[in-house]
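Line by line, the protein sequences are chains A and B. Positions 134 to 665 (the numbering used here) are the ones given, in order, by the first sequence. Positions 2 to 137 (the numbering used here) are the ones given, in order, by the second sequence. Glycine included, each C-beta is placed from N, C-alpha and C at the ideal position.
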Amino acid sequence: MTDAIVVGSGAAGVNAAWPLVERGLSVTMLDYGNEDTVYAPLVPDRPWSELRRGDEGQARYFLGDRFEGVPFGEVRVGAQLTPPRMFITADTEELTPVASDTFGVSESLAKGGLASGWGAGVFPFDDDDLTGAPFSRGEIDPHYEAVAERIGVSGARDDLLPFLGDCEAMMPPLELDSAAEAVLERYGSRREQLNRAGFHLGRTRLAACSRAHRGRDAHPYLDMDFWSDAGRSVYRPRWTLDELREFDNFRYLDRRLVLTFREDGEGAEVACRLADGGERETHRARAVVLAAGTLGTARIVLRSLDRYDRPLPVLCNPYTYAPVVNLGMVGRKARDRRHSLAQLTAVYRPNPDEPAVVAQYYSYRSLLTYKLMKESPLGYKATLSIMRLLTPIFGVLGMHHQDVSSPAKTCTLRRGGDGPDKLAIEYRPSDGEERRHAAAETAVLACFRKLGCRALKRIRPGHGSSIHYAGTLPYRAEGGELTTDAASRLHGTRAVHVADGSVFSPLSAKGLTFTIMANADRVGALLADELG
Amino acid sequence: MTEVRRDAELEREAEVITRYLVGEAPGRGHVVSYVSANSVLFADADDALTAFCRRRPFWLPLVDSGAGFLDNACLLRRKILLMAAILEASTRFAPHFLPGESTTRLDLVRVGVTGAVAALRTLLGVPLVLTLRRSR
Numbered sequence: 134m135t136d137a138i139v140v141g142s143g144a145a146g147v148n149a150a151w152p153l154v155e156r157g158l159s160v161t162m163l164d165y166g167n168e169d170t171v172y173a174p175l176v177p178d179r180p181w182s183e184l185r186r187g188d189e190g191q192a193r194y195f196l197g198d199r200f201e202g203v204p205f206g207e208v209r210v211g212a213q214l215t216p217p218r219m220f221i222t223a224d225t226e227e228l229t230p231v232a233s234d235t236f237g238v239s240e241s242l243a244k245g246g247l248a249s250g251w252g253a254g255v256f257p258f259d260d261d262d263l264t265g266a267p268f269s270r271g272e273i274d275p276h277y278e279a280v281a282e283r284i285g286v287s288g289a290r291d292d293l294l295p296f297l298g299d300c301e302a303m304m305p306p307l308e309l310d311s312a313a314e315a316v317l318e319r320y321g322s323r324r325e326q327l328n329r330a331g332f333h334l335g336r337t338r339l340a341a342c343s344r345a346h347r348g349r350d351a352h353p354y355l356d357m358d359f360w361s362d363a364g365r366s367v368y369r370p371r372w373t374l375d376e377l378r379e380f381d382n383f384r385y386l387d388r389r390l391v392l393t394f395r396e397d398g399e400g401a402e403v404a405c406r407l408a409d410g411g412e413r414e415t416h417r418a419r420a421v422v423l424a425a426g427t428l429g430t431a432r433i434v435l436r437s438l439d440r441y442d443r444p445l446p447v448l449c450n451p452y453t454y455a456p457v458v459n460l461g462m463v464g465r466k467a468r469d470r471r472h473s474l475a476q477l478t479a480v481y482r483p484n485p486d487e488p489a490v491v492a493q494y495y496s497y498r499s500l501l502t503y504k505l506m507k508e509s510p511l512g513y514k515a516t517l518s519i520m521r522l523l524t525p526i527f528g529v530l531g532m533h534h535q536d537v538s539s540p541a542k543t544c545t546l547r548r549g550g551d552g553p554d555k556l557a558i559e560y561r562p563s564d565g566e567e568r569r570h571a572a573a574e575t576a577v578l579a580c581f582r583k584l585g586c587r588a589l590k591r592i593r594p595g596h597g598s599s600i601h602y603a604g605t606l607p608y609r610a611e612g613g614e615l616t617t618d619a620a621s622r623l624h625g626t627r628a629v630h631v632a633d634g635s636v637f638s639p640l641s642a643k644g645l646t647f648t649i650m651a652n653a654d655r656v657g658a659l660l661a662d663e664l665g
Numbered sequence: 002m003t004e005v006r007r008d009a010e011l012e013r014e015a016e017v018i019t020r021y022l023v024g025e026a027p028g029r030g031h032v033v034s035y036v037s038a039n040s041v042l043f044a045d046a047d048d049a050l051t052a053f054c055r056r057r058p059f060w061l062p063l064v065d066s067g068a069g070f071l072d073n074a075c076l077l078r079r080k081i082l083l084m085a086a087i088l089e090a091s092t093r094f095a096p097h098f099l100p101g102e103s104t105t106r107l108d109l110v111r112v113g114v115t116g117a118v119a120a121l122r123t124l125l126g127v128p129l130v131l132t133l134r135r136s137r
């Protein structure tokens with residue numbers, strides 16, 4: 134019998150598997166494992182501007198063979214996915230359906246999960262952010278360090294250090310682009326005033342290599358990060374999966390959709406359905422680690438325990454973005470060499486009684502002009518002229534808010550009848566929450582205005598659009614059905630552990646992915662001790 | 002309508018829209034892509050605004066502007082956006098879409114003037130679009 138089954142190959146799965154495999158335990162990873170085999174090989178490792186002028190085959194990967202890269206209609210969840218990234222959400226509408234008129238969902242059945250298109254922002258949590266978790270920053274810190282070394286993290290020790298903490302494994306930061314430099318220069322001259330208002334700005338800490346690391350290249354600054362993984366510089370869980378597959382005690386089984394687990398005297402049995410053919414298959418292990426993503430794990434748990442129609446809490450960072458013109462760039466030449474990830478991060482927390490808002494600044498270019506034209510109410514010819522003139526000073530600010538559970542934010546598994554079970558999601562923040570978010574956004578935009586960035590409008594892509602789902606099976610020391618203990622074991626079970634975002638409630642405004650990885654490493658290490 | 006006639010209309014659209022956006026005729030490859038994309042994305046749908054602009058390309062700037070104000074996601078707007086995407090993702094027309102190296106103060110003035118002209122076109126385009134819709 135295998136020591137452990139890990140369900141899912143995303144940010145949580147591979148990092149939970151790592152300490153188990155490293156300690157010599159036998160691990161089987163069950164995964165659906167969709168990949169992009171069509172577009173990835175077509176994208177040359179050349180700078181974006183060079184491809185635009187010289188690659189005759191660019192239409193295939195920029196637009197897609199079925200023009201799936203041309204977005205019509207309203208802004209929606211996952212609209213930033215480009216054709217080479219669309220494998221991330223493939224098959225989910227059919228196999229993991231969701232019913233909701235209040236919440237947009239992006240789930241993944243891809244090898245590497247949602248983090249295959251992750252923005253790579255690294256936000257270690259402080260003790261405040263870890264409210265509700267059974268560990269402090271000091272206790273999770275060794276796991277932050279272990280994961281930072283594993284995935285490669287670059288960043289600076291700047292004004293964000295008090296909010297993010299230090300990291301020994303951190304590489305030097307990636308180079309800033311010209312627009313971010315202009316913002317940071319202005320911040321330097323207004324720093325005291327902005328800090329007094331609770332606004333702190335620094336370089337975004339990123340899971341991207343600024344030097345060669347674990348067989349991956351230093352970032353090549355091609356500005357193609359939305360389209361390809363040149364040099365494997367930006368972290369994707371697939372890189373860790375590739376390393377895991379070099380161990381003899383690790384087995385990766387893809388083309389399997391995990392349905393249920395069932396405990397017995399010796400451990401647990403996991404049932405899955407084969408993607409090709411649809412037959413059912415079972416696997417046995419001494420322990421199971423669920424890392425199928427917050428909503429995927431909720432489905433497996435509710436189905437396994439026959440808790441259909443029983444609502445679970447669900448959280449997701451409220452998200453707003455604002456296109457901005459960066460007046461500090463007027464008259465300045467924009468360097469072609471750049472990356473497409475978030476350049477700068479701001480933490481806004483005017484007083485300790487209020488939750489922080491986290492904002493990230495991106496320069497807009499490589500997602501192409503027609504995607505911006507769509508938003509304009511003017512004639513497209515005029516819009517094109519305006520966009521070409523403004524693109525060098527054009528940026529996007531994304532703002533994330535904290536989320537807390539409430540009876541109006543739930544997900545419930547409904548029996549599917551002839552088809553797959555359906556997850557029904559209700560998500561209705563209170564008026565008070567909405568007002569607080571709007572007020573905080575106004576304050577953040579006012580701070581950026583002092584840095585020369587003027588917002589053109591505020592866009593709320595809808596609830597669920599941050600794709601940071603959490604809080605369905607929260608930590609509860611006192612126990613309780615459908616909650617987890619300090620070792621991330623599902624209460625009422627002996628052998629079932631949860632390693633993904635399900636356990637975090639409340640949800641800090643900082644992106645959760647890096648903390649999911651560190652906690653998965655912690656869960657894997659604890660389980661290795663237990664099985665050892 | 003026969004398939005041959007439908008394709009001819011779509012080819013005509015491709016030419017009209019390309020001339021509107023970049024002031025040149027499209028290449029054969031762009032036209033083929035546009036026809037094929039119409040079949041995939043719009044099931045070869047047609048409407049009064051598109052048919053009018055196909056016959057009278059002179060009015061396309063006004064109809065596009067009016068439609069942008071009244072119904073930003075109407076079929077004509079989506080068709081223009083599709084053609085823009087096809088042109089942008091081609092080496093020949095990429096320079097029409099690539100941004101400059103910098104934005105100068107003079108560029109900001111140009112933006113203001115372009116925006117004002119676009120707003121004027123919208124004012125003129127709105128009644129035209131309303132008339133075309135009523136006359137259908």
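Worksheet item: What residue does the alpha helix (DSSP H) around Phe-296(A) start on, and which one ends it?
Response: Walking along the first sequence from the start, residue 296(A) turns up at place 163. 294-297 is the span of the alpha helix (DSSP H), which, as asked, contains Phe-296(A).
Worksheet item: In chain A, what lies closer than 7 Å to Phe-70(B) by C-beta?
Response: Counting from 1 along the second sequence, the entry for residue 70(B) is found at position 69. Chain order gives the chain A residues near Phe-70(B) as Pro-510, where near means a beta carbon separation below 7 Å.
Discussion item. So, for Leu-589(A): in the same chain, excluding its five sequence neighbours on each side, which residues have a beta-carbon less than 8 Å away from its beta-carbon?
Written reply: For the purposes of this step, residue 589(A) is identified with residue 456 of the first sequence, where counting begins at 1. Residues of the same chain with a CB within less than 8 Å of the CB of Leu-589(A), apart from the 5 flanking positions on each side, are Ala-455, Pro-456, Val-457 and Val-458 in chain order.
Practice prompt. Quick one: which residues of the region 37-52 of chain B get their C-beta closer than 8 Å to a C-beta of chain A? List them in chain order.
Written response: Here the close residues are Ala-38, Val-41 and Leu-42.
Fill in: Enclosing alpha helix (DSSP H) for Lys-80(B) [first to last residue]
Stepping through the second sequence from its first residue, residue 80(B) is reached at position 79. Bounds of the alpha helix (DSSP H) holding Lys-80(B) are 76-89.
Item to complete: Kindly confirm or deny that the region 604-616 of chain A and the region 434-452 of chain A touch, where touching means at least three C-beta pairs closer than 8 Å.
Response: Cβ pair count under 8 Å is three or more, so yes.
Worksheet item: Using the beta-carbon count (16 or more within 10 Å), is Pro-170(A) buried or exposed?
Response: Counted from its first residue, the first sequence places residue 170(A) at position 37. It should be pointed out that residue 170(A) corresponds to Thr in this sequence rather than to Pro. When all chains shown are included, Thr-170(A) counts as exposed.
Item to complete: Would you verify that the beta carbon of Asp-188(A) is, or is not, closer than 8 Å to some beta carbon of chain B?
Response: For the purposes of this step, residue 188(A) is taken as the residue at position 55 of the first sequence. At least one chain B Cβ lies under 8 Å of Asp-188(A).
Practice prompt. Indicate whether the contact test is met: 3 or more Cβ pairs, each with one atom in the region 117-125 of chain B and one in the region 52-66 of chain B, closer than 8 Å.
Written response: Taking a contact to require three or more Cβ pairs closer than 8 Å, the region 117-125 of chain B and the region 52-66 of chain B qualify as touching.
Fill in: Close beta carbons around Leu-76(B), own chain, < 8 Å, minus the five adjacent residues each side
Taking the second sequence and counting its residues from 1, one reaches residue 76(B) at position 75. Within the same chain, Leu-76(B) has close Cβ partners Phe-43, Ala-46, Asp-47, Asp-48, Leu-50 and Thr-51.
Worksheet item: Is Thr-123(B) near Leu-523(A), with beta carbons less than 8 Å apart?
Response: Here residue 123(B) refers to the residue found at position 122 of the second sequence. Here residue 523(A) refers to the residue found at position 390 of the first sequence. One thing to note: Thr-123(B) has its Cβ no nearer than 8 Å to the Cβ of Leu-523(A).
Worksheet item: Hey, would you say Gly-657(A) sits closer than 8 Å to Leu-645(A), going by beta carbons?
Response: For the purposes of this step, residue 657(A) is taken as residue 524 along the first sequence, with counting starting at 1. For the purposes of this step, residue 645(A) is taken as residue 512 along the first sequence, with counting starting at 1. Taking C-beta atoms as the reference points, Gly-657(A) and Leu-645(A) fail to come closer than 8 Å.
Worksheet item: Are the beta-carbon atoms of Arg-471(A) and Asp-356(A) separated by less than 8 Å?
Response: Position 338 of the first sequence, counted from the start, is the residue given in the question as residue 471(A). Position 223 of the first sequence, counted from the start, is the residue given in the question as residue 356(A). Cβ atoms of Arg-471(A) and Asp-356(A): closer than 8 Å.
Worksheet item: Since Arg-471(A) sits in a beta bridge, which residues does DSSP pair it with?
Response: Residue mapping note: residue 471(A) aligns to position 338 of the first sequence, counting from 1. Per DSSP, the beta-bridge partners of Arg-471(A) are Leu-355(A).
Item to complete: Measure from the C-beta of Asp-8(B) to each C-beta in chain A and report whether the shortest distance is under 8 Å.
Response: Stepping through the second sequence from its first residue, residue 8(B) is reached at position 7. No, no contact with chain A.
Worksheet entry | Pro-152(A): first and last residue of the uninterrupted beta strand (DSSP E) it sits in | Locating residue 152(A) in the first sequence gives position 19, counting from the first residue. Taken as a continuous stretch (DSSP letters only), Pro-152(A) belongs to no beta strand (DSSP E), being part of the alpha helix (DSSP H) at 144-155.
Worksheet entry | Minimum Cβ-Cβ distance from Gly-464(A) to chain B less than 8 Å | For the purposes of this step, residue 464(A) is taken as residue 331 along the first sequence, with counting starting at 1. Nearest CB-CB separation between Gly-464(A) and chain B: below the 8 Å threshold.
Fill in: Length of the line joining the Cα atoms of Arg-324(A) and Asp-136(A)
Locating residue 324(A) in the first sequence gives position 191, where the first residue counts as 1. Locating residue 136(A) in the first sequence gives position 3, where the first residue counts as 1. Distance between the alpha carbons of Arg-324(A) and Asp-136(A) is about 53 Å.
Discussion item. Taking the straight line between their C-alpha atoms, what separation do you get for Arg-78(B) and Glu-376(A)?
Written reply: As a first step, residue 78(B) is located in the second sequence; it is residue number 77 there, counting from the start. As a first step, residue 376(A) is located in the first sequence; it is residue number 243 there, counting from the start. Between the C-alpha atoms of Arg-78(B) and Glu-376(A) there is a straight-line separation of about 48 Å.
Worksheet item: Do you know whose CA, among Gly-461(A), Tyr-497(A) and Arg-468(A), lies nearest Ala-475(A)'s CA?
Response: Within the first sequence, numbered from 1, the residue matching residue 475(A) stands at position 342. Among Gly-461(A), Tyr-497(A) and Arg-468(A), the Cα nearest to that of Ala-475(A) is on Tyr-497(A).
Fill in: Per DSSP, the bridge partner or partners of Tyr-130(A)
There is no way to answer for residue 130(A), as the model of chain A reaches only from 134 to 665.
Worksheet item: Mind pulling the chain B residues with CB within less than 8 Å of Tyr-165(A)?
Response: Within the first sequence, numbered from 1, the residue matching residue 165(A) stands at position 32. Going along chain B, no residue has its Cβ under 8 Å from Tyr-165(A), so there is no contact; the nearest lies around 26 Å.
Worksheet item: With a cut-off of 8 Å, do at least 3 Cβ pairs link the region 476-487 of chain A to the region 618-628 of chain A?
Response: Under the three-pair Cβ rule at 8 Å, the region 476-487 of chain A does not count as touching the region 618-628 of chain A.
Worksheet item: Does DSSP put Pro-488(A) in a helix, in a strand, or in coil?
Response: The residue given as residue 488(A) occupies position 355 in the first sequence. In the structure shown, Pro-488(A) sits in coil (DSSP, three-state: anything other than H, G, I, E or B).
Discussion item. Quick check: the Cα distance between Leu-125(B) and Pro-540(A), rounded to an integer number of angstroms?
Written reply: Residue numbering aside, residue 125(B) sits at position 124 when the second sequence is read from its first letter. Residue numbering aside, residue 540(A) sits at position 407 when the first sequence is read from its first letter. The straight-line gap from Cα to Cα measures roughly 51 Å.
Item to complete: Return helix, strand or coil for Phe-394(A), following the three-state DSSP convention.
Response: Against the first sequence, residue 394(A) aligns to sequence position 261. In the structure shown, the three-state DSSP call for Phe-394(A) is strand.
Worksheet item: Secondary structure at Asp-662(A), three-state DSSP: helix, strand or coil?
Response: To locate residue 662(A), count along the first sequence from 1; it is residue 529. In the structure shown, Asp-662(A) falls within a helical segment according to DSSP collapsed to helix, strand and coil.
Worksheet item: Got a sec? Which residues, its chain only, sit under 7 Å from Thr-578(A) by beta carbon, not counting five neighbours each side?
Response: In the first sequence, the residue the question calls residue 578(A) occupies position 445. The question names Thr, yet the displayed sequence has Leu at residue 578(A). Excluding positions up to five away in sequence, the list reads Ala-455 and Ala-588.
Worksheet entry | Rounded straight-line distance, which links the Cα of Arg-111(B) to that of Phe-53(B) | As a first step, residue 53(B) must be located in the second sequence, where it is residue number 52. As a first step, residue 111(B) must be located in the second sequence, where it is residue number 110. Using only the alpha carbons, I get a separation of about 31 Å.
Worksheet item: Cβ of Pro-100(B) less than 8 Å from any chain A Cβ?
Response: The sequence position of residue 100(B) within the second sequence is 99, counting from 1. So, interface residue.
Practice prompt. Could you work out which residues of chain A lie near Gly-116(B), taking near to mean beta carbons separated by less than 9 Å?
Written response: For the purposes of this step, residue 116(B) is taken as residue 115 along the second sequence, with counting starting at 1. Within 9 Å Cβ-Cβ: Leu-511, Ala-515 and Ile-519.
Worksheet entry | Residues from the region 60-86 of chain B in contact with chain A, defined by Cβ distance under 7 Å | Under the 7 Å Cβ criterion, the region 60-86 of chain B contributes Pro-62, Asp-65, Ser-66, Gly-69, Phe-70, Asn-73, Ala-74, Arg-79, Ile-81, Leu-82, Leu-83, Ala-85 and Ala-86.
Item to complete: With a 10 Å radius around its C-beta and 16 neighbouring C-beta atoms as the bar for buried, classify Arg-369(A) as buried or exposed.
Response: If you number the first sequence from 1, residue 369(A) lands on position 236. Sixteen is the threshold: when 16 or more other Cβ atoms of the shown chains lie within 10 Å of the Cβ of Arg-369(A), as they do, the residue is buried.
Practice prompt. Taking only beta-carbon positions, decide if Ser-34(B) is within less than 8 Å of chain A.
Written response: As a working note, residue 34(B) is residue 33 in the second sequence. Output row for Ser-34(B): interface = yes.
Worksheet entry | Per DSSP, cross-strand counterpart(s) of Arg-413(A) | In the first sequence, residue 413(A) corresponds to position 280, counting from 1. Paired residues: Arg-406(A).
Discussion item. Buried or exposed for Gly-565(A), going by 16 or more other Cβ atoms inside 10 Å?
Written reply: Position 432 of the first sequence, counting from 1, holds the residue named residue 565(A). With fewer than 16 other Cβ atoms within 10 Å, it is exposed.
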